[in-house]
Every structure is written in C-alpha cells, then in structure tokens.
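Reading through the structure tokens given below for one structure.
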Amino acid sequence: MNYLNTYLYFSVILMAVGIYGLLSKRNWAKILISLEIIVLSAMVLLGILLFSSSYLGIVVGQTFIVLLVFLDSSITGILLACIMLIYRKFKVKSPDEMSKLKG
C-alpha cells in the first residue's frame, strides 16, 4: 500500500467524522470543532496533492498550507468571539434556540 493512499484514507475518514459532527451536534462549540475537522481534512488532502508533485509543487504546497493554517486560525478566532458574544447577549447554547429569538 502506498503511503499516499494512507493519507487519502485518513483525509476521507476525517471528512466523514466532521460531517457527522456537523449534522448531529446541536451546540455551537461542537459545530465549530466539526468545521475545524472538515477544514483539517481538506488541508491534508491538499497537502497530498501538492506534495506528491515536483519540487516546485512541494515548495508552493508548503507555503500554501502555512497560509491556510494562519487563515483558518484567524477565522476560528473570529467565529469563537461571535459565539461568545451570542451566548453572553442571548444566553443561547444551540442554533435551534436562535430561531426563537426572532422578534
């Protein structure tokens, strides 16, 4: 078995776990964690595609993955701040309760 296949299977399993968590959980924090798992699986898959090519692909791939990690961490921080503000203002823990707040 090729080592690229192992990473591909790992990425697919991570994607499935993230989608399952996204569809089944009803808590803002768990939904955010599931989204992060999905993004991580996409990064692993992108890393497989970029690192398996020529030397230029490896350099570009490393740069692109580092850029994605920085971008993803900033987006996660902003989403976490929004979730904390929603909880402080409305005392809402799940997205289902947000529909009750319509005035």
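The sequence shown runs 0 to 102 under numbering that gives the first Met the number 0. No residue lacks a Cβ here, since even glycine has one placed at the ideal position from N, Cα and C.
So, is residue i buried or exposed, given that buried needs 16 or more other C-beta atoms within 10 angstroms?
| i | result |
| --- | --- |
| I36 | buried |
| S10 | buried |
| S40 | buried |
| L13 | buried |
| I30 | buried |
| G17 | buried |
One question on the structure: do residue i and residue j come within less than 8 angstroms of each other, judged by their Cβ atoms?
| i | j | result |
| --- | --- | --- |
| L21 | L34 | yes |
| I74 | A28 | no |
Can you grab the Cα-Cα spacing for the pair residue i / residue j, in whole Å?
| i | j | result |
| --- | --- | --- |
| T62 | D71 | 14 angstroms |
| E96 | K24 | 13 angstroms |
| K90 | N26 | 12 angstroms |
| A15 | L84 | 30 angstroms |
| Y86 | S98 | 14 angstroms |
| G46 | P94 | 33 angstroms |
| L66 | K92 | 32 angstroms |
| L3 | K88 | 47 angstroms |
| V43 | V68 | 11 angstroms |
| G60 | L79 | 28 angstroms |
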